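Remarks on the structure that follows.
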Amino acid sequence: GFAVGMDAALHINPYYGKTSMAGLVAHYNSLLPIGPIIIYNVPSRSNQDIPPSVVEILAQNPNFVGIKECVGNERVKLYTDKGIVVWSVDSLSHEARWDCGAVGVQSVASNLVPGLMRELMFEGKNPTLNSKLMLLFDWLIIEPSPIALNTALAQLGVIKPVFRLPYVPLSMEHRVGFVNLVKEMGREHFVGEKDVQVLEDDDFII
Numbered sequence: 034g035f036a037v038g039m040d041a042a043l044h045i046n047p048y049y050g051k052t053s054m055a056g057l058v059a060h061y062n063s064l065l066p067i068g069p070i071i072i073y074n075v076p077s078r079s080n081q082d083i084p085p086s087v088v089e090i091l092a093q094n095p096n097f098v099g100i101k102e103c104v105g106n107e108r109v110k111l112y113t114d115k116g117i118v119v120w121s122v123d124s125l126s127h128e129a130r131w132d133c134g135a136v137g138v139q140s141v142a143s144n145l146v147p148g149l150m151r152e153l154m155f156e157g158k159n160p161t162l163n164s165k166l167m168l169l170f171d172w173l174i175i176e177p178s179p180i181a182l183n184t185a186l187a188q189l190g191v192i193k194p195v196f197r198l199p200y201v202p203l204s205m206e207h208r209v210g211f212v213n214l215v216k217e218m219g220r221e222h223f224v225g226e227k228d229v230q231v232l233e234d235d236d237f238i239i
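Encoded structure:
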């Protein structure tokens, strides 16, 4: 990736070969010489938290860019107070950005509403917009990502309704819910040019 111009690599910790804290440091220290790295701490997927004691060691390496932190905004604030660059996740992004010093968000929702996410991150504190977007954030994690996102993009006519196992589309109930959500938030805020539609089971290729 770096050979063709990639700016940085996003690296999760090993999620099956669970290791010690010393092992986490050794793992990332073996990667950091390759190029700039953003660490991705998402214990809900990896089943292991990357604690501050590890991150603070790795942050001393010049190829450490920052961390995408999913544990919570207290952790975000802990890092930013130490000068560590942090990106948050959608559901935490407003407070992380404006109250805790995060530089932004590595966002799933921005694939659907990029303009609104940009406004949320760069145009000042906006609790009203954040509350509006929380409806979408919550819908996007009804099932593990990227199931809802891919279902949404298909219903917006942006991508073909093709899933590869083990991923399958959201249930009909949640597909209808997305259409209602788009209408409530405003179709103009979402990507694509086609009307949003409820796709039937037979419309999907799996």
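Quick note on numbering: the sequence shown equals residues 34 to 239 in the working numbering. All C-beta atoms in this analysis are idealised placements derived from N, C-alpha and C, irrespective of residue type, glycine included. The structure displayed is predicted, hence computed values, not measured ones.
Exercise for review: Please go through the stretch 65-133 and give each complete beta strand (DSSP E) segment of 3 or more residues, from N-terminal end onward.
Suggested key: 70-74, 97-102 and 119-121
Point to revise | Environment of GLU102 [buried if 16+ CB atoms lie within 10 Å] | key: Position 69 of the sequence shown, counted from the start, is the residue given in the question as residue 102. When all chains shown are included, GLU102 counts as buried.
Review point. Nearest-angstrom Cα distance between ARG197 and PHE237?
Key: Taking the first residue of the sequence shown as position 1, residue 197 is located at position 164. Taking the first residue of the sequence shown as position 1, residue 237 is located at position 204. C-alpha separation (whole angstroms): 10 Å.
Exercise for review: Report yes or no: do three or more beta-carbon pairs, one from the stretch 69-88 and one from the stretch 96-110, lie closer than 8 Å?
Suggested key: yes
Check your understanding: Which of helix, strand or coil does DSSP assign to VAL209?
Key -> Indexing the sequence shown from 1 puts residue 209 at position 176. VAL209: helix per DSSP, three-state reduction.
Check your understanding: So what does DSSP say about LEU169, is it helix, strand or coil?
Key -> As a working mapping, residue 169 is identified with position 136 in the sequence shown. If DSSP states are grouped into helix, strand and coil, LEU169 belongs with the helices.
Point to revise | DSSP state of VAL136 mapped onto helix, strand, coil | key: As a working note, residue 136 is residue 103 in the sequence shown. Here VAL136 sits in coil by DSSP.
Check your understanding: Below 8 Å, can you find three or more Cβ-Cβ pairs linking the stretch 137-157 to the stretch 195-209?
Key -> no
Practice item. Counting only the same chain and skipping the five closest in sequence on each side, list residues whose C-beta sits under 8 Å from that of HIS60. Key: Position 27 of the sequence shown, counted from the first residue, corresponds to residue 60. Excluding positions up to five away in sequence, the list reads ASN46, PRO47 and THR52.
Review point. Does the distance from the C-beta atom of PRO69 to that of ALA41 stay below 7 Å?
Key: Here residue 69 is taken as the residue at index 36 of the sequence shown, counted from 1. Here residue 41 is taken as the residue at index 8 of the sequence shown, counted from 1. Yes. Within cutoff.
Check your understanding: At what residues does the alpha helix (DSSP H) containing ALA42 begin and finish?
Key -> Taking the sequence shown and counting its residues from 1, the one referred to as residue 42 is at position 9. Looking at the DSSP string, ALA42 is not in any alpha helix (DSSP H); the run it does join, the beta strand (DSSP E), is 42-45.
Practice item. To the nearest angstrom, report how far apart MET150 and ALA142 are at their CA atoms. Key: Taking the sequence shown and counting its residues from 1, one reaches residue 150 at position 117. Taking the sequence shown and counting its residues from 1, one reaches residue 142 at position 109. Their backbone Cα atoms lie some 7 Å apart in a straight line.
Point to revise | Rounded straight-line distance, which links the Cα of GLY190 to that of ASP114 | key: For the purposes of this step, residue 114 is taken as the residue at position 81 of the sequence shown. For the purposes of this step, residue 190 is taken as the residue at position 157 of the sequence shown. Rounded to the nearest angstrom, the two C-alpha atoms are 43 Å apart.
Exercise for review: Spell out the partners DSSP gives ILE238 in its beta bridges.
Suggested key: For the purposes of this step, residue 238 is taken as residue 205 along the sequence shown, with counting starting at 1. Note: ILE238 sits in a beta bridge opposite VAL195.
**Study point:** Sequence-distant residues of the same chain with beta carbon closer than 7 Å to LEU214, five excluded per side
**Key:** To locate residue 214, count along the sequence shown from 1; it is residue 181. Closer than 7 Å at Cβ, skipping near neighbours: LEU168, LEU169 and TRP172.
Practice item. Count the other CB atoms, across all protein chains shown, that sit within 10 Å of the CB of LEU125; report buried if there are 16 or more and exposed otherwise. Key: Counting from one through the sequence shown, the residue named residue 125 turns up at place 92. With 16 or more Cβ atoms within 10 Å of its Cβ, LEU125 is classed as buried.
Check your understanding: Out of curiosity, what's the CA-to-CA distance linking PRO76 and ASP234?
Key -> Taking the sequence shown and counting its residues from 1, one reaches residue 76 at position 43. Taking the sequence shown and counting its residues from 1, one reaches residue 234 at position 201. Taking the straight line joining both Cα atoms gives about 33 Å.
Point to revise | Cut-off 8 Å between Cβ atoms - residues of its own chain near VAL146, not counting five sequence neighbours on either side | key: Here residue 146 refers to the residue found at position 113 of the sequence shown. LEU166, LEU169, MET218, HIS222, PHE223 and VAL224.
Point to revise | Beta carbon of CYS133 nearer than 7 Å to that of ASN106 | key: As a position in the sequence shown, residue 133 is number 100, starting the count at 1. As a position in the sequence shown, residue 106 is number 73, starting the count at 1. Their beta carbons are under 7 Å apart, which means CYS133 touches ASN106 by this criterion.
**Study point:** GLY219, DSSP secondary structure in three states
**Key:** Against the sequence shown, residue 219 aligns to sequence position 186. Here GLY219 sits in coil by DSSP.
Review point. Does DSSP classify PRO202 as helix, strand or coil?
Key: The residue you call residue 202 lines up with position 169 of the sequence shown. Coil.
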